[in-house]
């Protein structure tokens, strides 16, 4: 049974032979039966100029001439033929003897006269029992079949039904009754938009379940923005979309989400599928690096990327070839359902793809490399200019008011005699008088090692340090200040005050003697913001305390002050580092975490320290340092203004702050970073003998696979063609109207997601190892429909979901099951366990917590911990609006799945996942019962029911039932449910129904 | 029979995948269960002690008297070795005294005083080689046969091939070092493209030994019981209406198994019922051996209750200071004394305990490290520093139990322990051999994934027949 297709084909071919003349017949027998054996078992060694033993079996002439031991055979005389002798005694092939049936083919062929066929041997001409030839079904042109006539015509809503029903009837089966309206509306909502219908939508459809009403509902769903979110996610599975690099480092990718958004938008806009493919293959080139083009080309780099390549030439070449294989594999499987990647080391073992063709394909993409690119959005320029004009007029007005007041303050000071300037008020202040407390806020310190307070100062040695609580707010501009007495001036690399991310990966610090002995510097991670202040060497700080301050401005400038005066030169760094709320801490002594590294700790005494979340002016620093200056504190300034002036100034300042904020926003919006193709020089592509990177053969020009007939496999490009030309030609080959695989593979994907199983069960593999089509004529009819609709997918969705095949019920029928256990003929709509995303989104939706914010960087429900070269991702859950967005907007790292997504079969995006496995395990049950997210949402749904239905348990039960299951409970259910709610609250019922089969399985 | 079933996965006909999807629902049998195996099944379960960071073989299980002679001399090789830091110091002799042990006379150093007492139960593999001298790829190869992410680990393949003997516990349980997970984290016990039930399940201490085993917030016992009962009733009613659908039935059953797991996981994790003698033997209550002692004892309890594969990690994240792994770049003596001290007694106790309970005959014990360490010091070219760099060219692992030839060693490195010269054993051979012990032909245990019948051993693997009794 399972071989029926290939046997059938074989029989068909044999049956047709009667009409051929006997010579042609013998030639075909050779091509069909003998050539594949020779090709698979012998030619690896016995071919070409350096054939083993001098015997070349790939051409008749050479084979007859024979090798060192003589001619390979004597026609008609197996027993006198060397070939047969070696095969018969098991000597050849050397490692694995031939199976009995193949031996017999060879013996009989020699006995029958050893007629030759195509010369040189073409092992790909015919499909055999063990491999596909160029006559393989999926490679043939689309066949426009007549819509079959069926007996039960009133079940035919459109041609899809005729094709399906014809097969059912031939097996003496038929469709199930149409699904009940309530069941159908749930099914089509979950399928098309991945969210359940609201009770009102259910009621309306139950009221009018006519075909017309159903059709309108389908149209509405296909127009919903949630359609793209649902079907875009399917595509992301295929495109192996992951937001971290994988491999050893597995660092996060912060700019690949554009690709995800582009995919969702493309589905929503019903972008023609050929355009959709073209832009993913060559969008950056075709759209001149526009944001759209760069986002689309993210397809190439959505997969894993090895960032630890190794130093040797060999390692570098291997890493690059691995990368190319990953991309060529993704290309072939995604768009044409062929596993190109299996022919890197040899001709494809199962499909008619030559190793040479693999290298022509790699030549076509040899300019593709992982990287980041920036695109400029010009549409904000005008707005920015307007804002800047306003700033230009506003600044002098503020300055005018302030200068007047300053003068008044300073004059008054003179008359009053010397009064120290009022120092600026910091955000946090550590006096170190008797403890490690922040005297202004909550940033209290904790001592590590021997760090301790002695005589009004924090005493540190080279093992100890103090770390504070995390800053509850974000930090942009800042000033770090510390009063320090060093134990000695020889020490290198300790810090008086550090602001760092909790992990210590990013930091800014007042560091002594790290790069230059005896000098202060603005320390930073990997020195990215560090330059020399070019200042005199410190000579006193071991004898008397020194006040050192560093000011970090928004423009990236960094200025040091020693004892209130400028220290060396101010400089412009690579840019201001900002710190997110809750993510940073202050350290004293230790340059940055983790502790324990060499030369990271300060030896000495810190007498006082302050952190400002503003960039202090020179005068303010001087005031802080206690040096006499003309610094005027904000309070003094304000006091010197008249009430009118005060309010005008306040108005100006508010306006200026908002102008600055808006220009900054627009500027950041105009520069958009993309993780995408960063094309490099394509270089020269060589044929690699047996895939060995050190065995380079001839130079390969870009091209594709000749087995896809109708489209020429040669791109007509020179070996040094540009990356742009290569990929544009590749896109043209893939999307050609003459490429039958292109639409076939896509309509099969649609079918697969609508029914749970494709017409071909292996959506990424239409080759010999893949499945055979259950309804080949329907597949082609759908492919033609897609083409005729200008490749618009929504047209195909519509015809599928409005068919009876789709709309029929899902009830189990033992008799039908006995005939067709796998439901390949579609005698019912198979129930489908919903995907993890649909489950999570549905829970959010019915709990009333779904945050519909679309697009943009993903929400992060994992903690990200970089640890010396590896990145760890651990799931977290918390009450946070961002975490309530649809799952497709989740930041999607490799190896960092949440418990719920994980047990419900979300694939780790390390490779393409055209079909998700569907498992049912106890861990899955536990996750849905006990997961923190589920319990939170059960609480929310309970609260929602109480809010919307009032205090009565019966009302709450009805509300929860209609929200979760789109129906009312029957009398007995209601009784049980009311009991549960009365005893344990509405959340308990919510939790139970989230776990029910009816909620989790779409029927 | 088993081959026939395998062929179904590959050459599916019209009903192929749909049928297998149903089969995989809660399938407790593996794909080779009940098969007429071509060779004797020696192992029924395995426990894998996985050392993170690279244990020095020349200081532990690979005695090289010649190194004493060459101590302080240069390596003198012409090629540039593929090590990690690239510093080739002078050759360094072992830092521990070696002795012949037991009846067999195996040479084992004083680094392992307790394991050495079990020498007659060990099968030393002294000619291991790896493809990578870089921690994470080397660890991935060891666990999955590939240097890349996304390939199923050995434990997952065994779960897939052999199924599970208990439904109340996961088939593949992972017990990480209390100091943290290894580099690569959960990718080391991933099911890759195999169905999710074959993933390694981390068992930790505390109130939630398994993720989501109990409600994330406290729920009253009566409420819990009544909620579950309500769920059972509505699912039963629904099933009655929908017809006897296997997928729906499987979900109902999965909740029954979940309840069993909620009983059995705490039961297996509770070591209180073990005798004082047993606890003492494993070092459960000693500070230095407590972590590994508890995990080794827990490992035995898991195996007793039908878990197929238990993986115990020795070592946490690779970096950090002080090091929490075997990565002894700075000082082998200091680092390995500390690390071996944590696990020597517990692992020896595990061997002894399995033996006295009659389990060792059918339990395969694996003791591995991703690579060894260089016979030369990691220091300046004219010095004998105290640390050693990574060595992928030759190193030692061992196996025990499961019908192996015991008290013996297989393969050998050269005179100084630099490269494997006799029966070099790459990880693919190691994996092929392990599968063979389970009665599985490594070329037949395959899973179709995107056009390829994937194997644990890729396109390689030779069974080391020489180590079977």
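Residue numbers (this note's numbering), protein chains in the order written: chain A, 27 to 1029; chain B, 145 to 613.
Glycine residues also receive a C-beta, built at the ideal position from the N, C-alpha and C atoms.
Keep in mind it's a predicted model, so treat the numbers as computed, not measured.
Could you list the residues in the region 313 to 331 of chain B with a C-beta less than 8 Å from some C-beta on chain E, going in chain order?
The displayed structure is made up of protein chains A and B, and chain E is not among them.
Is the shortest distance between the beta-carbon of residue 574 of chain A and the beta-carbons of chain B less than 8 Å?
It does not; no Cβ of chain B falls within 8 Å.
Would you check if the region 317 to 326 of chain B and the region 338 to 357 of chain B touch, i.e. whether three or more CB-CB distances between them fall below 8 Å?
Output reads yes: the region 317 to 326 of chain B touches the region 338 to 357 of chain B.
Can you list the residues of chain B that residue 274 of chain A reaches, using a CB-CB cut of under 8 Å?
Contacts between residue 274 of chain A and chain B, judged by CB atoms closer than 8 Å, involve 278, 279, 280, 281, 327, 328 in chain order.
Starting from residue 831 of chain A and walking both ways along the beta strand (DSSP E), at which residues does that stretch end?
Careful: residue 831 of chain A lies outside any beta strand (DSSP E), inside the alpha helix (DSSP H) at 830 to 833.
Along the region 788 to 813 of chain A, where does the CB come closer than 8 Å to a CB of chain B? Name the residues.
So the close ones are 788, 790, 791, 793, 795, 796, 797, 798, 800.
Cβ-Cβ separation, residue 376 of chain B to residue 1023 of chain A (assumed contact under 8 Å), whole Å:
Between residue 1023 of chain A and residue 376 of chain B a beta carbon distance of about 11 Å is seen, past the 8 Å cut, so the two are scored as non-contacting.
So residue 357 of chain B contacts chain A; which residues on that side make the cut at Cβ distance below 8 Å?
What residue 357 of chain B touches in chain A: 952, 956.
Beta-bridge partners of residue 194 of chain B, as assigned by DSSP
When beta bridges are read from the DSSP output, residue 194 of chain B appears opposite B:457, B:512.
Exposed or buried, what is residue 525 of chain B when buried is set at 16 or more other beta-carbons lying within 10 Å of its beta-carbon?
Exposed.
Does DSSP put residue 720 of chain A in a helix, a strand or coil?
The answer is coil: DSSP assigns residue 720 of chain A none of H, G, I, E or B.
Report yes or no: do the region 928 to 937 of chain A and the region 845 to 853 of chain A share at least 3 C-beta pairs separated by less than 8 Å?
When Cβ pairs closer than 8 Å are counted between the two stretches, the region 928 to 937 of chain A is seen not to touch the region 845 to 853 of chain A, the count staying below three.
With a cut-off of 8 Å, does the C-beta of residue 857 of chain A fall near any C-beta of chain B?
Judged by the 8 Å Cβ criterion, residue 857 of chain A is in contact with chain B.
Quick check on this structure: which residue in A:576, A:911, A:746 has the alpha carbon closest to the alpha carbon of residue 708 of chain A?
Checked all of A:576, A:911, A:746; the closest Cα to residue 708 of chain A is A:746.
In its own chain, which residues sit with a C-beta less than 8 Å from the C-beta of residue 540 of chain A, not counting the 5 before and 5 after it?
518, 519, 547, 549, 617, 625.
Within 8 Å of any Cβ in chain A, is that where the Cβ of residue 308 of chain B sits?
No, because no Cβ of chain A sits closer than 8 Å to the Cβ of residue 308 of chain B.
Return the chain-ordered list of same chain residues with a C-beta closer than 7 Å to the C-beta of residue 409 of chain A, the five sequence neighbours on each side being excluded.
These residues qualify, in order along the chain: 692.
Report the neighbours of residue 368 of chain A on chain B: residues whose CB is nearer than 7 Å to its CB, in chain order.
Residues of chain B with a Cβ closer than 7 Å to the Cβ of residue 368 of chain A are, in chain order, 595, 596.
According to DSSP, is residue 147 of chain A part of a helix, a strand, or is it coil?
Coil, per DSSP.
Can you give the Cα-Cα distance for residue 410 of chain B and residue 450 of chain A, rounded to whole angstroms?
Looking at the two C-alpha atoms, the distance is approximately 59 Å.
Can you list, in chain order, the residues of its chain whose CB lies under 7 Å from that of residue 832 of chain A, leaving out five sequence neighbours each side?
The residues are 780, 826, 855.
Can you find a CB in chain A that lies within less than 8 Å of the CB of residue 536 of chain B?
Not one chain A Cβ lies under 8 Å of residue 536 of chain B.
Strictly by DSSP, which residues pair up with residue 612 of chain B?
Residue pairing from DSSP places residue 612 of chain B in a beta bridge opposite B:548.
Nearest by alpha-carbon distance to residue 545 of chain B: which of B:501, B:558, B:241, B:513 is it?
Nearest C-alpha to residue 545 of chain B: B:501.
Might you give, ordered along the chain, the residues of its own chain that have their beta carbon closer than 6 Å to the beta carbon of residue 478 of chain A, omitting 5 neighbours on each side?
Close CB contacts of residue 478 of chain A within its chain, under the 6 Å cut and outside five residues either way in sequence, are with 485 (chain order).
Which stretch, first to last residue, makes up the alpha helix (DSSP H) that contains residue 490 of chain B?
Segment 476 to 500, the alpha helix (DSSP H) holding residue 490 of chain B.
Please classify residue 779 of chain A: does DSSP put it in a helix, a strand, or coil?
Looking at residue 779 of chain A - three-state DSSP - the assignment turns out to be helix.
If you run the structure through DSSP and keep just helix, strand and coil, what is residue 636 of chain A?
Correct three-state label for residue 636 of chain A: strand.
Determine the direct distance from the alpha carbon of residue 488 of chain B to that of residue 513 of chain B, and round the result to whole angstroms.
Here the C-alpha atom of residue 513 of chain B lies approximately 15 Å from the C-alpha atom of residue 488 of chain B.
Considering only their Cβ atoms, is the gap separating residue 965 of chain A from residue 1013 of chain A smaller than 8 Å?
Yes, they are a contact pair.
Distance between residue 735 of chain A and residue 602 of chain B (C-alpha atoms, nearest Å):
Going by C-alpha positions, residue 602 of chain B is about 32 Å away from residue 735 of chain A.
Going by DSSP in three states, residue 264 of chain B sits in which element: helix, strand or coil?
Helix.
Residue 62 of chain A and residue 154 of chain A closer than 8 Å at C-beta
In this structure, residue 154 of chain A lies closer than 8 Å to residue 62 of chain A by Cβ.
Mind listing which residues of the region 393 to 408 of chain B have their C-beta closer than 9 Å to chain A's C-betas, in chain order?
Answer set for the region 393 to 408 of chain B: 394, 395, 396, 397, 398, 399, 400, 401, 402, 403, 404, 405, 406.
With H, G and I counted as helix, E and B as strand and the rest as coil, what does DSSP make of residue 708 of chain A?
Correct three-state label for residue 708 of chain A: coil.
Inter-residue CB distance, residue 896 of chain A and residue 269 of chain A (contact presumed, cutoff 8 Å)
With 8 Å as the limit, residue 896 of chain A and residue 269 of chain A do not qualify as a contact, their Cβ atoms being about 16 Å apart.
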